[in-house]
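A.B. asks:
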Amino acid sequence: MSVPECTIAFDNSCNWMWTLSSIFTGFKLLDEQKLLKVKSVSMDRNFRADGRYPDRMVVEVKMGGKTLVYDMADGYQSINSAEVFDSQLDRVDYYFKSSYDPDFASRLRNREKFQKFGMSYECSCKGNYFEKANLKDALAKKQFVDAAKQLYLLKRRQKVLDYRVFEGSTHFDEYGVLFWSRLWEYDVDVKTMMGFYKELTQTQAQEKVEKEAEMIRQTNRRRIENVRALKEQFGEKFVGGLCDCEASRKMAPDLITHDPRIETREAYMASLKKGYINILSAGLHGCIGARYGETVAAGRVLLTDPLVYTPPGLFADGQNYLTYTD
Numbered sequence: 004m005s006v007p008e009c010t011i012a013f014d015n016s017c018n019w020m021w022t023l024s025s026i027f028t029g030f031k032l033l034d035e036q037k038l039l040k041v042k043s044v045s046m047d048r049n050f051r052a053d054g055r056y057p058d059r060m061v062v063e064v065k066m067g068g069k070t071l072v073y074d075m076a077d078g079y080q081s082i083n084s085a086e087v088f089d090s091q092l093d094r095v096d097y098y099f100k101s102s103y104d105p106d107f108a109s110r111l112r113n114r115e116k117f118q119k120f121g122m123s124y125e126c127s128c129k130g131n132y133f134e135k136a137n138l139k140d141a142l143a144k145k146q147f148v149d150a151a152k153q154l155y156l157l158k159r160r161q162k163v164l165d166y167r168v169f170e171g172s173t174h175f176d177e178y179g180v181l182f183w184s185r186l187w188e189y190d191v192d193v194k195t196m197m198g199f200y201k202e203l204t205q206t207q208a209q210e211k212v213e214k215e216a217e218m219i220r221q222t223n224r225r226r227i228e229n230v231r232a233l234k235e236q237f238g239e240k241f242v243g244g245l246c247d248c249e250a251s252r253k254m255a256p257d258l259i260t261h262d263p264r265i266e267t268r269e270a271y272m273a274s275l276k277k278g279y280i281n282i283l284s285a286g287l288h289g290c291i292g293a294r295y296g297e298t299v300a301a302g303r304v305l306l307t308d309p310l311v312y313t314p315p316g317l318f319a320d321g322q323n324y325l326t327y328t329d
């Protein structure tokens with residue numbers, strides 16, 4: 004019995020957005036198990052520019068005469084018109100969205116094509132197509148410094164981010180509390196917004212800038228409040244804080260942590276699999292961010308503020324996670 008063949012394409016302007024790597028890891032494993040054959044992986048430079056898809060954070064798979072799309076964008080900031088998006092859905096068979104909003108889906112003519120997608124996170128495996136495509140693209144552009152850097156980091160990435168590293172089911176008699184996050188700055192103006200979303204009027208662009216700036220402020224506020232409350236409530240049982248970035252230095256320098264248990268990617272992943280309850284908060288645009296996928300993959304206890312979007316399957320409050328509101 005022959006296995007189905009597929010081709011994979013993604014936007015090369017997303018070559019640094021490593022969350023996409025989980026899609027490619029999955030297809031690589033399916034190929035190795037001979038459940039399908041990946042014929043080619045290519046970078047397409049026009050996913051949003053030519054109007055095919057609403058966002059650059061898209062992976063397109065063609066297989067057996069069908070077109071499947073995986074949209075990994077944080078929310079719906081790139082979908083400025085449900086009607087235009089419906090016309091984009093006309094040319095695909097299935098569109099899997101990582102930030103699935105059932106209310107938005109109900110307004111679509113192509114609602115049956117619009118499906119939930121699971122939690123994504125940065126992971127890898129030997130021969131990951133995403134990493135190989137990035138290296139090939141850097142060499143084709145004669146960006147030799149970037150290519151050398153990618154080669155240097157390749158083995159480390161595949162060791163630290165191997166999908167099997169995330170797996171864990173160890174039980175502990177006592178648990179601490181873990182919350183490690185970051186803050187964001189927002190400096191997009193109306194001109195920049197209109198340059199990226201050419202379909203917007205100046206008034207629409209102004210409204211979008213104000214809405215996104217408020218979203219960033221609220222995201223930062225929640226994370227600062229979380230760290231302060233957890234430090235006060237749990238004392239030495241709390242491991243976490245804010246990562247050291249410009250936004251953290253400006254808004255909450257006293258909450259920056261250099262705790263060796265979480266400051267590096269390797270250390271954080273090791274701690275995640277130890278005796279900690281992981282506290283999480285919604286990502287930008289309300290997305291279910293990579294921290295969620297990492298925590299679920301590690302089999303750790305998860306507490307989150309109310310989910311903005313609907314995850315797939317039977318992932319339910321009170322069964323797979325708990326929700327906090329204050």
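Each residue of the sequence shown is one higher than the one before, counting from 4 in this note's numbering.
Virtual Cβ for every residue (Gly too), placed ideally from N, Cα, C.
Remember, it's a predicted structure, so these values are computed and weren't measured experimentally.
1) Mind checking whether Ala-270 and Pro-263 have CB atoms under 8 Å apart?
2) Quick one: what does DSSP say Ser-43 is sitting in, helix, strand or coil?
3) What's the call for Lys-100, buried or exposed, on a 16-neighbour Cβ count within 10 Å?
4) If we call anything under 8 Å between Cβ atoms a contact, is Tyr-279 one with Val-242?
5) Could you spell out the range, first to last residue, of the alpha helix (DSSP H) harbouring Ser-274?
6) Output yes or no for whether 8 Å exceeds the beta carbon distance between Leu-92 and Leu-71.
7) State the Cα-Cα distance for the pair Tyr-73 and Lys-116, rounded to the nearest angstrom.
8) According to DSSP, simplified to helix, strand and coil, what is Ser-25?
9) What three-state label does DSSP hand Phe-99 in the structure shown?
10) Could you please give the first and the last residue of the uninterrupted alpha helix (DSSP H) stretch that includes Met-254?
11) Would Ser-172 be called buried (16 or more neighbouring beta carbons within 10 Å of its own) or exposed?
12) So, for Ile-26: in the same chain, excluding its five sequence neighbours on each side, which residues have a beta-carbon less than 7 Å away from its beta-carbon?
13) In chain order, what residues of the same chain have a beta carbon less than 8 Å from the beta carbon of Glu-177, not counting five sequence neighbours either side?
14) From the DSSP output, which residues share a beta bridge with Met-66?
15) Helix, strand or coil for Val-242, going by three-state DSSP, please let me know.
16) Between Gln-80 and Ser-102, what straight-line distance do the alpha-carbon atoms span, to the nearest angstrom?
17) Given a cut-off of 8 Å on the beta-carbon distance, is the pair Arg-185 and Ser-251 in contact?
18) Where do the ends of the alpha helix (DSSP H) carrying Leu-164 lie?
19) Is Ile-280 helix, strand or coil by DSSP?
20) Who are the Cβ neighbours of Cys-248 in its own chain at under 8 Å, not counting the five residues just before and after it?
21) Reducing DSSP to helix, strand and coil, say where Val-61 ends up.
22) Count the CB pairs spanning the segment 147-157 and the segment 35-50 that are closer than 8 Å, and state whether there are at least three.
23) If you measure between the beta carbons of Met-75 and Val-299, is that distance less than 8 Å?
24) Is any beta-carbon of chain B found at less than 8 Å from that of Thr-298?
25) Where Tyr-327 and Asp-192 are concerned, what is the direct C-alpha to C-alpha distance, given to the nearest angstrom?
26) So if DSSP puts Val-304 in a beta bridge, which residue, or which two residues, is it bridged to?
C.D. replies: To lay it out plainly:
1) Along the sequence shown, read from residue 1 onward, the residue named residue 270 stands at position 267. Along the sequence shown, read from residue 1 onward, the residue named residue 263 stands at position 260. Ala-270 is a Cβ neighbour of Pro-263, given a cutoff of 8 Å.
2) Position 40 of the sequence shown holds residue 43. In the three-state reduction of the DSSP assignment, Ser-43 falls in the strand class, which pools E and B.
3) Sequence index remark: in the sequence shown, residue 100 carries index 97 (1-based). That one is buried.
4) Taking the first residue of the sequence shown as 1, we reach residue 279 at position 276. Taking the first residue of the sequence shown as 1, we reach residue 242 at position 239. Yes, these two residues count as a Cβ contact at 8 Å.
5) Position 271 of the sequence shown, counting from 1, holds the residue named residue 274. Residues 268-275.
6) What you label residue 92 is simply residue 89 of the sequence shown in a count that begins at 1. What you label residue 71 is simply residue 68 of the sequence shown in a count that begins at 1. Not in contact: Leu-92 and Leu-71 (Cβ atoms no closer than 8 Å).
7) Mapped onto the sequence shown, residue 73 falls at position 70. Mapped onto the sequence shown, residue 116 falls at position 113. If I take the Cα positions, the gap works out to 12 Å.
8) Residue mapping note: residue 25 aligns to position 22 of the sequence shown, counting from 1. Note: Ser-25 maps to helix in three-state DSSP.
9) For the purposes of this step, residue 99 is identified with residue 96 of the sequence shown, where counting begins at 1. Taken through DSSP and simplified to helix, strand or coil, Phe-99 comes out as strand.
10) Your numbering for residue 254 matches position 251 in the sequence shown. For Met-254, the enclosing alpha helix (DSSP H) covers residues 249-254.
11) On the sequence shown, residue 172 is found 169 positions in, with the first residue counted as 1. With fewer than 16 other Cβ atoms within 10 Å, it is exposed.
12) Counted from its first residue, the sequence shown places residue 26 at position 23. The beta carbon of Ile-26 is closer than 7 Å to those of Val-62 and Tyr-73 in its chain, skipping five residues each way along the sequence.
13) Counted from its first residue, the sequence shown places residue 177 at position 174. These residues qualify, in order along the chain: Gly-278.
14) Translated into positions along the sequence shown, residue 66 becomes position 63. According to DSSP, which records beta bridges pairwise, Met-66 is partnered with Cys-9 and Lys-69.
15) Counting from 1 along the sequence shown, the entry for residue 242 is found at position 239. Correct three-state label for Val-242: strand.
16) Counting from 1 along the sequence shown, the entry for residue 80 is found at position 77. Counting from 1 along the sequence shown, the entry for residue 102 is found at position 99. Going from the Cα of Gln-80 to the Cα of Ser-102 covers about 11 Å.
17) Stepping through the sequence shown from its first residue, residue 185 is reached at position 182. Stepping through the sequence shown from its first residue, residue 251 is reached at position 248. It is a contact, given that the beta carbons lie within the stated cut-off.
18) Here the question's residue 164 lines up with position 161 in the sequence shown. For Leu-164, there is no enclosing alpha helix (DSSP H), since its DSSP letter is neither H nor E.
19) Along the sequence shown, read from residue 1 onward, the residue named residue 280 stands at position 277. Ile-280: strand per DSSP, three-state reduction.
20) Position 245 of the sequence shown, counted from the start, is the residue given in the question as residue 248. Once the five neighbours on either side are set aside, the close Cβ partners of Cys-248 are Arg-185 and Leu-186.
21) Looking up residue 61 in the sequence shown gives position 58. Reduced to three states, the DSSP call for Val-61 is strand.
22) Touching, no.
23) Residue mapping note: residue 75 aligns to position 72 of the sequence shown, counting from 1. Residue mapping note: residue 299 aligns to position 296 of the sequence shown, counting from 1. For Met-75 and Val-299, no; Cβs fall outside 8 Å.
24) Of the protein chains in this structure there is only one, and it is not chain B.
25) Numbered from 1 along the sequence shown, position 324 holds the residue referred to as residue 327. Numbered from 1 along the sequence shown, position 189 holds the residue referred to as residue 192. Rounded to whole angstroms, Tyr-327 to Asp-192 spans 34 Å at the Cα level.
26) In the sequence shown, the residue the question calls residue 304 occupies position 301. DSSP output for Val-304 lists no bridge partner at all.
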